[in-house]
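Down below is the structure, laid out as structure tokens.
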Ligand code: GPP
Ligand code: MG
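In the numbering used here, the protein residues as written are 22 to 321.
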């Protein structure tokens, strides 16, 4: 009973967006933040993800039935809409409820949080749903995922408005695109069979990995500038971003054989939750006053 709804909203797949959200939140929280707003923000995240994934399940109904269980959080052929356990009407109804709840809770936090939530809800919609259905358009798929990641990151960061910096937002956009590219490559066979022209299908594996290398070089440059100019928190984030993007790009290039990427999903499923939890814990420790920025400065 519960299982069919969990298969509809796919919480395990949210890990990819929990990562930018918790990093933003961890950096955004200060001792002055309102704990109620932090709890509300988690609910906004849950509602936004549920909304976006339900729309995705609705629009992928005729694609997901071909899935063989590889490289995903679940075998999509077991989607409750595909199996008929949940009707399209119920799914639409639930998506509208989650959309309204996401906006309502965001409104309670701040106007800025509300605007960002509206934007990422919109991205969730145009990513999956016709007429745009950007997940089937080259570049559109990467851009949607990267912009959604930046949106939820910025929402978390907005708990401290002084943190909002265009260079950091640009760096996050690049990092998110770098992380997304291998996931669209591992979907290559499935998407091609389903007749979807994703970026991987359009450019081909070799070219898209070259694009990934170029993005990594730009990413390193931007985060180096941030490392030099920003405060200690962003210096540490910059170091993480630089090293992780280099390792990830290397690993993806090494794992490419005969136009196929054999990158295990654990490259995402293990580090992402660990880093997410670390940043959430960091935010909580700042909130209760156990850590201040001076804490780091002592170590330098
Ligand atoms: C999965 O997309 C669904 C999402 C990533 C939700 C989109 C949300 C955004 C805010 C962009 P998919 O259909 O490409 O992958 P899968 O085959 O795993 O469903
Ligand atoms: Mg899908």
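From the three backbone atoms N, C-alpha and C, an ideal C-beta is built for every residue, glycine too. Keep in mind it's a predicted model, so treat the numbers as computed, not measured.
Looking at the DSSP output, residue 282 sits in a beta bridge with 277.
DSSP places residue 313 outside both helix and strand once states are collapsed to three, so it counts as coil. Contact between residue 126 and residue 61 holds, since their C-beta atoms are separated by about 5 Å, short of 8 Å. A straight line joining the alpha-carbon of residue 191 with that of residue 97 spans about 33 Å. The beta carbons of residue 211 and residue 87 sit closer together than 8 Å.
Bounds of the alpha helix (DSSP H) holding residue 164 are 161-178.
At least one heavy atom of ligand 1 falls within 7 Å of the beta-carbon of residue 145. Looking from the CA of residue 80, the closest CA among 195, 150, 256 and 167 belongs to 150. By the 16-neighbour rule on beta-carbons within 10 angstroms, residue 311 is exposed. Sequence-distant Cβ neighbours of residue 284 in its own chain, meaning closer than 7 Å and more than five residues away, are 203, 207, 272, 273 and 276. Within the same chain, 159, 160, 162, 163, 205 and 229 come within 7 Å of residue 220 by CB-CB distance, once the 5 residues on both sides are set aside. Rounded to the nearest angstrom, the gap between the Cα atoms of residue 53 and residue 182 is 12 Å.
Contact check for residue 243 and residue 306: beta-carbon distance about 28 Å, past the 8 Å limit, so the pair fails to qualify. Beyond the five residues adjoining it in sequence on each side, residue 82 comes within less than 7 Å, by CB distance, of 102 and 103 in the same chain, given in chain order.
Going by beta carbons, residue 217 and residue 175 fall outside the 8 Å limit. Contact annotation: residue 300 and residue 36 have beta-carbon atoms that are not nearer than 8 Å.
The Cβ-Cβ distance between residue 173 and residue 38 falls below 8 Å. Contiguous alpha helix (DSSP H) elements confined to the stretch 41-125 occur at 56-80, 82-85 and 101-104, taking only those with 4 or more residues.
In this structure, residue 76 sits away from residue 177, with a CB-CB distance that is not shorter than 8 Å. By the beta-carbon neighbour count (other beta carbons within 10 angstroms, threshold 16), residue 201 is buried.
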